[in-house]
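> So for the sequence shown, the numbering used here puts the first residue at 14; every next one is plus one.
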Amino acid sequence: MSWRATLPIRLPRRPTGCEDEPPRNGRFFERRQAKGIMNVSDLPAFSLTGKRILVTGANTGIGQGIAASIARAGGQVVGVGRSAMNETAEKVAAASGSFEAVRIDLSDPAEAAAMLDRVWDESGPLDGLVNNAGIIRRADAVDLSEADWDAVMDVNLKTVFRLSQGFARRVLAEPGRRGKIVNIASVLSFQGGIRVASYTASKHGVLGLTRLLACEWAAKGVNVNGIAPGYIETNNTEALRADPERSAAILARIPAGRWGRPEDIGDAAVFLLAPASDYMHGAVMPVDGGWLAR
Ligand code: NAP
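Structure (structure tokens):
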């Protein structure tokens, strides 16, 4: 069937939650939305209807963008983090989604794994896990402290492993159950960077771990993939954006000519959580405005 034949399906208009945001797919998509014609997430292959997804670091930045995108695709969000998530809850509600907040510090990998078990037992099974929470510590490599090395490794890599392990154990224990894991890596999973030794090491680790877990679990019903964001406007890049020279140099190198926004990553995450990506395993997709292509 040609795409032309599939498009004229008319569905009742569902709130997108992004009415106050600028149109991201041009006037064609905007006009179709206004007419009440289907959203991309109304296509079954891109829908998360009925899916329950745990997102770490959901209070702000990319995690918040992912939570809002999941809700727009019809999914339910379990937001996990150490800070209040009211703003994210509001964004999810605006997209007619459901949001459950779980407060926990993810710097202790064992506690993180226990939290996932609690969520599963007390509020129901999960269909997806987005390992998004992460930290960065900047210092010249000669000055980086052991504490800054360990702190970054614990949150960015060890907790990612323990949560993924816990999630897969629960999925694999139930015959017929399927699950999807999306790890938020970085362009520094592929490049060296500067003054971020522990961060770069952790994100290279996320890339390797994503591939290894995919190899072990692909045939067992668990997809493991990742997203490598480029330079996104969040707290993580506040220091870079505040430095006029670094900020201008970064912008000049991004082929798309702009910094990324959390929803750029959110919509890519929906794809990796939805049936459309069922045959994808061990891929880490750059969503970077073309940064790595340069
Ligand atoms: P962000 O705004 O700083 O968000 C980081 C999130 O992780 C926050 O929700 C933060 O919670 C949470 N977090 C950190 N440590 C935690 C802990 N110990 N326990 C619980 N939650 C914790 O930065 P972001 O840019 O959205 O980062 C999200 C992910 O994208 C990270 O993995 C980051 O490495 C990755 N990434 C970002 C960029 C970029 O350009 N922004 C590029 C590549 C990759 P609090 O707010 O409470 O600290």
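Heads up, the beta-carbon is just placed ideally off N, CA and C, and yes, glycines get one too.
Is the beta carbon of D118 within less than 7 Å of some heavy atom of the ligand NAP?
Yes, since a heavy atom of the ligand NAP falls inside the 7 Å radius drawn around the Cβ of D118.
> Taking all protein chains shown into account, decide if E276 is buried (16 or more other Cβ within 10 angstroms of its Cβ) or exposed.
It is buried - the Cβ of E276 has at least 16 other Cβ atoms within 10 Å.
> Quick one: Cα of A97 to Cα of A214, how far?
C-alpha separation (whole angstroms): 29 Å.
> Looking at the unbroken alpha helix (DSSP H) that takes in R65, where does it start and where does it end?
Element bounds for R65: not the alpha helix (DSSP H) but the beta strand (DSSP E), 65 to 69.
> Taking S177 as the reference, which of V200, L139, A107 has the closest Cα?
With distances taken between Cα atoms, S177 lies closest to L139.
> Answer with buried or exposed for G302, where buried requires no fewer than 16 other C-beta atoms within 10 angstroms of its C-beta.
Buried, since its Cβ has 16 or more Cβ neighbours within 10 Å.
> Could you please give the first and the last residue of the uninterrupted beta strand (DSSP E) stretch that includes Q89?
Here the beta strand (DSSP E) through Q89 covers 89 to 94.
> May I ask you to check if the CB of Y244 is nearer than 7 Å to at least one heavy atom of the ligand NAP?
At least one heavy atom of the ligand NAP is nearer than 7 Å to the Cβ of Y244, so yes.
> Say the cut is 7 Å; is the CB of G92 nearer than that to a heavy atom of the ligand NAP?
It does not: the Cβ of G92 is nowhere closer than 7 Å to a heavy atom of the ligand NAP.
> Distance check for G78 and T101, CA to CA, integer angstroms please.
C-alpha separation (whole angstroms): 8 Å.
> Can you give me the start and stop residues for the alpha helix (DSSP H) that M298 sits inside?
Unbroken run through M298 is the beta strand (DSSP E), 297 to 300; no alpha helix (DSSP H).
> Say yes only if the C-beta of R95 is nearer than 7 Å to one or more non-hydrogen atoms of the ligand NAP, and no if none qualify.
Under cutoff, so the answer is yes.
> For the beta strand (DSSP E) that L61 lies in, which residues bound it at each end?
Looking at the DSSP string, L61 is not in any beta strand (DSSP E), and its letter there is neither H nor E.
> Could you pull out every residue in the same chain whose Cβ sits closer than 6 Å to the Cβ of P299, ignoring the five residues on either side in sequence?
Here the set comprises A241, L305.
> Which partner residues does L201 have in the DSSP bridge list?
Beta-bridge pairing links L201 to no other residue.
> Identify every run of the beta strand (DSSP E) within the stretch 76 to 140, keeping only runs that are complete inside it and at least 3 residues long; order them along the chain.
With a minimum length of 3 residues, the continuous beta strand (DSSP E) runs that stay inside the stretch 76 to 140 are 89 to 94, 112 to 116.
> For P122, count neighbouring Cβ atoms within 10 angstroms of its own Cβ and tell me buried if that reaches 16, exposed if not.
Buried, since its Cβ has 16 or more Cβ neighbours within 10 Å.
> Less than 8 Å separating the beta-carbons of Y244 and I267?
In contact: Y244 and I267 (Cβ atoms closer than 8 Å).
> Taking the beta carbon of G189 as the centre, do at least 16 other beta carbons fall within 10 Å, making it buried, or is it exposed?
Label assigned to G189: exposed.
> CA-CA distance, P36 and E159?
Here the model assigns P36 a pLDDT of 42, short of 50, so the residue's position is not dependable and the matter cannot be decided.
> For the beta strand (DSSP E) that I267 lies in, which residues bound it at each end?
I267 -> no beta strand (DSSP E), and no H or E assigned at all.
> With distances taken between CB atoms, is the gap from L67 to L119 smaller than 8 Å?
Cβ atoms of L67 and L119: not closer than 8 Å.
> Between the stretch 152 to 172 and the stretch 251 to 263, can you find at least three pairs of beta-carbon atoms closer than 8 Å?
With the cut-off at 8 Å, the stretch 251 to 263 and the stretch 152 to 172 do not touch.
> So for L157, helix, strand or coil by DSSP?
Residue state, collapsed to three classes: coil.
> Would you mind giving the Cβ-Cβ distance between D237 and H294, rounded to the nearest angstrom? I have them listed as a contact below 8 Å.
The question names Asp, but residue 237 in the sequence shown is Val. Right, the Cβ-Cβ distance comes to about 7 Å (below 8 Å), so this counts as a contact.
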